[in-house]
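*Asks:*
Chains as they are written, first to last, in our numbering: chain A, 1 to 310; chain B, 311 to 620.
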């Protein structure tokens, strides 16, 4: 039995509750096909649109009324794990039953440790929340300590850091669940970012890239394969030029060269490639696959997708 | 090793994020003392104030802007499980480490099955959300199918059903976790209420009483003891009269008589007493304890609290 960490993008999940219920029904089909193939699946997922929606609801209700409290970003992330996990586990269970498969499914609320000295905290780049005018932006900085940056013509918006994951607080829990044969949903949205202070973990406003968190999870669980599912069926070089070319396979050495040549878009394919490299470089026989959600099964059979190996 | 389900009230958890972080630090101390005593603890908790806050945030932001979607009540419950679970598991882990205990802690997003023919659905009584004028109430009924009832002089408010729990969807997951020695947080807020349709579980707007859900959990896990922690140190009869009397122990037969005499307040002590009876009556040697959070350890030693036995 091959163990695989599957990373699912937040954009496959939908922008509101009804939309998400429908989208998730489709998204779980290729994932259950991987279970059917005989893989033990550990599922990680993004939460960009969803945590944005939750953060916006609290921000809006806080701004119009003082009845509802301000909600810190790590807590919004925890809520998004519950919200997305509920729909995913529900749909996965139905699809497993439809196929006569006996796996149980669980969502684990997951904290991911980051280093408080991570240089990302000196240079926050991840925008969250709404655009505000300068006056409001200044007030937020004074009252809440938010870092607000100007975005070309649209106003001021809060930014948070995107530090690298260093550990997964609930790792032993996840290991037990995998050992018991359950399908685990974890590190939702890259995990709730926490820093360690003695015996305490303290939530920090940050966004951990879900592909990096998935690679860390895959590394710590020492699985056989990391599968990053996205909207394109293969990694491309010379993207959107006449020389555009699909890659069937790349080694981690080739990756460095391609990155330095600027083939991969920051915030899009680049973190996926870097996450794949991070996992694969850890041990000799590891493989990562970047493929489209719809063709996940075909990609694992070697018929499509891009394979990253040593 | 004695297995116990501990039910913690939502009021012990705080009304906003900062408040909750502080309150939870205190709430976990007596719970970790139970672990220290040698009990295997499975933790259930309420979510009244918290799911109310989440529901209100989405309701407010939906009403002031059409940018944010309406959020169904089961999804608000799933969010509250993530939000409360994050703080509880975080604080429990710190307190366990402070005491040199090695348990790991996990929050399981938990769906609880209810019967679509439960008579509670014919007579919804649980109020949620804000008060509205008649016109808005009528619009909600038309647009969203909400059942709105008039509350003396304060306006119209949505009500949902409070059906009985019949099964716990993630039961096998919880069993695995308990077997592995982990401290599990589950059935938060009584669980996300779902009804079964073939291979599907469908979320329904309802509130499952957290004490009933805890009793169901305790019954299905077949634990030794159900411990319901609340604000009073013992169950009282003739409450607030000159004949007020603390009960040290009661049998389930005595409970029926006391209930019929009207000693227990609906929505307060009554569901706790009924939940205790439900669990204890299932097997001969089962015990339930109703006690204050602060005196949980003393109650388990038999020095305080009210014991319910056959």
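The C-beta atom is built at its ideal place from N, Cα and C for all residues, glycine as well.
Bear in mind the structure is a predicted one, so any value in this text is a computation, not a measurement.
Output needed for residue 470 of chain B: all residues of its chain with C-beta closer than 7 Å, excluding positions within five of it in sequence on either side, in chain order.
*Replies:* Translated into the one-based positions of the second chain, residue 470 of chain B becomes position 160. If we look at residue 470 of chain B and ignore the five residues flanking it on each side, its Cβ neighbours are 383, 434, 436, 438, 515, 516, 517.
*Asks:* Please decide whether residue 421 of chain B counts as near chain A, where near means a Cβ-Cβ distance under 8 Å.
*Replies:* For this step, residue 421 of chain B is matched to residue 111 along the second chain. Taking Cβ atoms only, chain A reaches closer than 8 Å to residue 421 of chain B, which makes this a yes.
*Asks:* Which residues of the segment 351-368 of chain B have a Cβ closer than 9 Å to any Cβ of chain A? Give them in chain order.
*Replies:* Listed in sequence order: 363, 364, 366, 367, 368.
*Asks:* For residue 81 of chain A and residue 233 of chain A, what's the separation of their Cα atoms in angstroms?
*Replies:* Translated into the one-based positions of the first chain, residue 81 of chain A becomes position 81. Translated into the one-based positions of the first chain, residue 233 of chain A becomes position 233. Approximately 27 Å between the Cα atoms of the pair.
*Asks:* Just grab the DSSP bridge partners of residue 477 of chain B for me.
*Replies:* Translated into positions along the second chain, residue 477 of chain B becomes position 167. Beta-bridge pairing links residue 477 of chain B to B:423.
*Asks:* Suppose contacts are defined by Cβ-Cβ distances below 8 Å. Is residue 210 of chain A in contact with residue 45 of chain A by that definition?
*Replies:* By one-based count along the first chain, residue 210 of chain A stands at place 210. By one-based count along the first chain, residue 45 of chain A stands at place 45. For residue 210 of chain A and residue 45 of chain A, yes; Cβs fall inside 8 Å.
*Asks:* Assign residue 575 of chain B to one of two classes, buried (16 or more other C-beta atoms within 10 Å of its C-beta) or exposed (fewer than that).
*Replies:* Here residue 575 of chain B corresponds to residue number 265 of the second chain, with the count starting at 1. Label assigned to residue 575 of chain B: exposed.
*Asks:* So within the segment 398-463 of chain B, which uninterrupted alpha helix (DSSP H) runs reach at least 4 residues, ignoring any that extend past its ends?
*Replies:* Runs of the alpha helix (DSSP H) inside the segment 398-463 of chain B: 444-454.
*Asks:* What does residue 167 of chain A touch in chain B if you count any residue whose Cβ is under 7 Å from its own?
*Replies:* Start at 1 with the first residue of the first chain, and residue 167 of chain A comes out as number 167. Neighbours of residue 167 of chain A on chain B: none; closest Cβ ~13 Å, over 7 Å.
*Asks:* Beta-carbon separation of residue 534 of chain B and residue 313 of chain B under 8 Å?
*Replies:* As a working mapping, residue 534 of chain B is identified with position 224 in the second chain. As a working mapping, residue 313 of chain B is identified with position 3 in the second chain. Going by C-beta atoms, residue 534 of chain B is nearer than 8 Å to residue 313 of chain B.
*Asks:* Are residue 255 of chain A and residue 308 of chain A touching if we call contact CB-CB under 8 Å?
*Replies:* Against the first chain, residue 255 of chain A aligns to sequence position 255. Against the first chain, residue 308 of chain A aligns to sequence position 308. Yes, Cβ-Cβ distance for residue 255 of chain A and residue 308 of chain A is below 8 Å.
*Asks:* By the 10 Å Cβ neighbour count, where 16 or more other Cβ atoms means buried, how is residue 248 of chain A classified, buried or exposed?
*Replies:* Position 248 of the first chain holds residue 248 of chain A. Result: exposed.
*Asks:* What first and last residue would you give for the alpha helix (DSSP H) that runs through residue 155 of chain A?
*Replies:* The count along the first chain starts at 1 and reaches residue 155 of chain A at position 155. Per DSSP, residue 155 of chain A belongs to no alpha helix (DSSP H); it is in the beta strand (DSSP E), 155-160.
*Asks:* List in chain order: all unbroken beta strand (DSSP E) runs of 3+ residues lying wholly within the segment 36-86 of chain A.
*Replies:* If we require 3 residues or more, the beta strand (DSSP E) runs fully inside the segment 36-86 of chain A come out as 39-45.
*Asks:* Checking the sheet assignment: what are the DSSP bridge partners for residue 250 of chain A?
*Replies:* Reading the first chain from its first residue, position 250 is the one you call residue 250 of chain A. According to DSSP, residue 250 of chain A bridges with A:308.
*Asks:* For a quick check, are the C-beta atoms of residue 115 of chain A and residue 163 of chain A less than 8 Å apart?
*Replies:* The residue labelled residue 115 of chain A in the question sits at position 115 within the first chain. The residue labelled residue 163 of chain A in the question sits at position 163 within the first chain. Yes, the pair counts as a contact, with Cβ atoms nearer than the cut-off.
*Asks:* Give the residues of chain B in contact with residue 68 of chain A, contact being defined as C-beta atoms less than 7 Å apart.
*Replies:* Here residue 68 of chain A is taken as the residue at index 68 of the first chain, counted from 1. Within 7 Å Cβ-Cβ: 363, 366, 367, 370.
*Asks:* Confirm the yes/no value for this check: CB of residue 398 of chain B, any heavy atom of the ligand HEM, distance under 7 Å.
*Replies:* For the ligand HEM, the structure offers nothing, since it holds no ligand at all.
*Asks:* Note the first and the last residue of the continuous beta strand (DSSP E) segment covering residue 503 of chain B.
*Replies:* Position 193 of the second chain holds residue 503 of chain B. It spans 502-507 - the beta strand (DSSP E) in which residue 503 of chain B sits, taken as one unbroken run.
*Asks:* Are the CB atoms of residue 168 of chain A and residue 184 of chain A within a distance shorter than 8 Å?
*Replies:* Looking up residue 184 of chain A in the first chain gives position 184. Looking up residue 168 of chain A in the first chain gives position 168. Taking 8 Å as the Cβ cut-off, residue 184 of chain A and residue 168 of chain A do not qualify as a contacting pair.
*Asks:* Between A:68, A:282, A:47, which lies nearest to residue 359 of chain B when the distance is taken from Cα to Cα?
*Replies:* One-based indexing of the second chain puts residue 359 of chain B at position 49. Minimum Cα distance to residue 359 of chain B is reached at A:68.
*Asks:* Less than 8 Å between CB atoms is the rule here; does residue 321 of chain A satisfy it with respect to chain B?
*Replies:* In the structure displayed, chain A extends from 1 to 310; residue 321 of chain A sits before or after that span and is not available.
*Asks:* When you compare the CB of residue 145 of chain A with every CB in chain B, is at least one pair closer than 8 Å?
*Replies:* By one-based count along the first chain, residue 145 of chain A stands at place 145. Closer than 8 Å: no.
*Asks:* So what does residue 173 of chain A bridge to, in DSSP terms?
*Replies:* Sequence index remark: in the first chain, residue 173 of chain A carries index 173 (1-based). BP columns for residue 173 of chain A are empty, so no partner.
*Asks:* Going by C-alpha distance, which of A:176, A:231, A:145 is nearest residue 12 of chain A?
*Replies:* Mapped onto the first chain, residue 12 of chain A falls at position 12. When only C-alpha atoms are compared, the closest one is A:231.
*Asks:* In angstroms, rounded to a whole number, what distance separates the CA positions of residue 551 of chain B and residue 364 of chain B?
*Replies:* Against the second chain, residue 551 of chain B aligns to sequence position 241. Against the second chain, residue 364 of chain B aligns to sequence position 54. Taking the straight line from one Cα to the other gives about 38 Å.
*Asks:* Classify residue 3 of chain A as helix, strand or coil using the three-state DSSP reduction.
*Replies:* For the purposes of this step, residue 3 of chain A is taken as the residue at position 3 of the first chain. Strand, per DSSP.
*Asks:* Quick check on the DSSP output: the beta strand (DSSP E) that includes residue 280 of chain A runs from which residue to which?
*Replies:* For the purposes of this step, residue 280 of chain A is taken as residue 280 along the first chain, with counting starting at 1. Unbroken run through residue 280 of chain A is the alpha helix (DSSP H), 269-280; no beta strand (DSSP E).
*Asks:* Where does residue 244 of chain A sit, in a helix, a strand or coil, going by DSSP?
*Replies:* Residue 244 of chain A sits at position 244 when you count from the first residue of the first chain. DSSP places residue 244 of chain A in coil when its eight states are reduced to three.
*Asks:* Interface residues of chain A around residue 346 of chain B at Cβ under 8 Å?
*Replies:* As a working note, residue 346 of chain B is residue 36 in the second chain. The contacting residues do not exist; residue 346 of chain B stays about 16 Å from chain A at best.
*Asks:* Return the bridge partner residues of residue 546 of chain B from the DSSP annotation.
*Replies:* Reading the second chain from its first residue, position 236 is the one you call residue 546 of chain B. In the DSSP output, where bridge partners are listed per residue, residue 546 of chain B has B:556.
*Asks:* Would you say the segment 496-503 of chain B touches the segment 404-421 of chain B, given that touching needs at least three Cβ pairs under 8 Å?
*Replies:* As far as the Cβ criterion goes, the segment 496-503 of chain B touches the segment 404-421 of chain B, which means the pair count is three or higher.
*Asks:* Answer yes or no: does any C-beta atom of chain A fall closer than 8 Å to that of residue 437 of chain B?
*Replies:* Position 127 of the second chain holds residue 437 of chain B. False, the Cβ-Cβ gap to chain A never drops below 8 Å.
*Asks:* Select from A:43, A:40, A:17, A:32 the residue whose C-alpha is nearest the C-alpha of residue 51 of chain A.
*Replies:* Residue 51 of chain A sits at position 51 when you count from the first residue of the first chain. Answer by Cα proximity: A:17.
*Asks:* Look at the alpha carbon of residue 310 of chain A and the alpha carbon of residue 144 of chain A, and state the distance between them as a whole number of angstroms.
*Replies:* Your numbering for residue 310 of chain A matches position 310 in the first chain. Your numbering for residue 144 of chain A matches position 144 in the first chain. Rounded to whole angstroms, residue 310 of chain A to residue 144 of chain A spans 46 Å at the Cα level.
*Asks:* Residues in the same chain with beta-carbon distance under 7 Å from residue 294 of chain A, minus the five sequence neighbours each way, listed in chain order, please.
*Replies:* Residue 294 of chain A sits at position 294 when you count from the first residue of the first chain. Contacts found: 30.
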